[in-house]
Amino acid sequence: MELCRFLTSQRETHVGLLTGENQVLDLSDAGVNNLTFLLETENPSQQIEALSQRNLARFSLNQIQLISPIERQEVWAAGVTYLRSKNARMEESNFSANAYDRVYSAQRPEIFFKSLSEKVVGPGEPVGIRKDAQWNVPEPELALVINSQGIIVGYTIGNDMSSRDIEGENLLYLPQAKTYHRSCALGPCIEVGSTEKVARTWTITLRIYRGGKIVFEGQTTVNRIKRSFEELVSYLYRSQTFPHGAVLLTGTGIVPGNDFTLLPDDKVRIEVNGIGVLENTVITV
Ligand code: DO4
Ligand code: MG
């Protein structure tokens, strides 16, 4: 079940359910104006299933605009959870190579703050590359959607945009490499009702287009994530509170070769076969 947020032609924000026929069932027609409220209920799948049986307004996708599927959730990110990420980062940084090597097998995972919800970019909106960075990449990641109790209630697609030269120069620059204007995209919807076992069968595919042609293509599977989702969430929620819930990006397993950098106007297309497609164009910020 794919929960989404969208703008109507009157620019009103509604909560919806994507249907298989390129349509959105308007859950706000049943009085649901808040997606977090649904995710905080005892059994979100059951609630959504009951709502989907009602005779509610429907829109076709070309009548509405999908927006970022979160409300007031903070966005955090786990790092170096795939072997590919550890190796790529050890290559980009002589200075910090040892840190990546150690955190990959350490008991405590790397978790860092990524974005406030109001700064998250939704489907179709531009993502940013920093004007003071020379080496920029998208990081296509499965994102866990977690309620205030620390329970995983859904999954979405995340793009953890990153400046490799800034991170590679010194690990203490990580917040500048990771958290800047338009550095986090989420969407197009939240898949509710899938277990971790199911999510681990999903494939993540990244395609980057330049002038209509593919300039990079890569694929990985969620099952290559070294740590369990429960383990990552338990560290995120330790000595911490999230009254509106949180989103946790689970790390990247796809890193383009060291000679690749994003350019303005590139199109980044991330597909997770259990969720959908998140597509954003790159601009300099
Ligand atoms: O250690 C730096 C960031 C790691 C990261 O974002 C990832 O592995 O996806
Ligand atoms: Mg990342």
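When we follow my numbering, the leftmost residue of the sequence shown carries the number 106, and every step to the right adds one. Cβ atoms here follow ideal geometry from the backbone N, Cα and C, with glycine treated the same way.
Buried versus exposed call for G362 [16 or more other C-beta atoms within 10 Å across all chains shown]: As a working note, residue 362 is residue 257 in the sequence shown. Per the 10 Å Cβ criterion, exposed.
One or two residues paired with H119 in a DSSP bridge: Working through the sequence shown from its first residue, we reach residue 119 at position 14. Paired residues: F111.
Any non-hydrogen atom of the ligand MG closer than 8 Å to E244 Cβ: Position 139 of the sequence shown, counted from the first residue, corresponds to residue 244. Yes, the ligand MG has a heavy atom inside 8 Å of this Cβ.
Anticipated Cβ contact below 8 Å, T357 with Y187, distance rounded: Locating residue 357 in the sequence shown gives position 252, where the first residue counts as 1. Locating residue 187 in the sequence shown gives position 82, where the first residue counts as 1. About 7 Å separates the two Cβ atoms, so the contact holds.
Opposing strand residues paired with T261 [DSSP bridges]: Walking along the sequence shown from the start, residue 261 turns up at place 156. Partner(s): A248.
R332 versus A211 - alpha carbon distance: In the sequence shown, residue 332 corresponds to position 227, counting from 1. In the sequence shown, residue 211 corresponds to position 106, counting from 1. About 11 Å.
A351 beta carbon near the ligand MG (any heavy atom closer than 8 Å): What you label residue 351 is simply residue 246 of the sequence shown in a count that begins at 1. Because no heavy atom of the ligand MG lies under 8 Å away, the Cβ of A351 does not count as near it: no.
The stretch 242–249 contacting the stretch 224–231, beta-carbon criterion three pairs below 8 Å: no
Enclosing alpha helix (DSSP H) for K283 [first to last residue]: If you number the sequence shown from 1, residue 283 lands on position 178. Per DSSP, K283 belongs to the alpha helix (DSSP H) from L279 to K283.
Beta-carbon gap between L143 and L132 smaller than 9 Å: Within the sequence shown, residue 143 is the residue found at index 38, counting from 1. Within the sequence shown, residue 132 is the residue found at index 27, counting from 1. It is a contact, given that the beta carbons lie within the stated cut-off.
Proximal residues to V338 (C-beta, below 8 Å), its chain only, five neighbours per side dropped: On the sequence shown, position 233 is the one that residue 338 refers to. Hits under 8 Å: L249, I251, G255, I257 and L353.
A182 beta carbon near the ligand MG (any heavy atom closer than 8 Å): Position 77 of the sequence shown, counted from the first residue, corresponds to residue 182. A182: yes, Cβ under 8 Å from the ligand MG.
Distance between beta carbons of C289 and K372, contact taken as under 8 Å: Numbered from 1 along the sequence shown, position 267 holds the residue referred to as residue 372. Numbered from 1 along the sequence shown, position 184 holds the residue referred to as residue 289. Actually they do not touch by this definition, with Cβ atoms about 17 Å apart.
Neighbourhood of A182 by C-beta, 6 Å cutoff - its chain only, sequence neighbours within 5 removed: The residue you call residue 182 lines up with position 77 of the sequence shown. Answer for A182: F217, K219, D265 and L354, listed in chain order.
Pair within 9 Å by beta-carbon distance, P369 and V387: If you number the sequence shown from 1, residue 369 lands on position 264. If you number the sequence shown from 1, residue 387 lands on position 282. Yes, the Cβ-Cβ distance between P369 and V387 is below 9 Å.
Cβ contact check for the stretch 266–274 and the stretch 282–298: 3 or more pairs under 8 Å: yes
For F217, the residue or residues it bridges with in DSSP: Numbered from its first residue, the sequence shown carries residue 217 at position 112. The partner list for F217 (beta bridge, DSSP) reads A182.
For S268 and I172, the rounded distance between their alpha carbons: What you label residue 172 is simply residue 67 of the sequence shown in a count that begins at 1. What you label residue 268 is simply residue 163 of the sequence shown in a count that begins at 1. Taking the straight line from one Cα to the other gives about 25 Å.
G356 Cβ short of 8 Å to the ligand DO4 heavy atom set: On the sequence shown, residue 356 is found 251 positions in, with the first residue counted as 1. Flag set: Cβ of G356 near the ligand DO4.
Residues sharing a beta bridge with L130, DSSP: Counting from one through the sequence shown, the residue named residue 130 turns up at place 25. Paired residues: L122 and R163.
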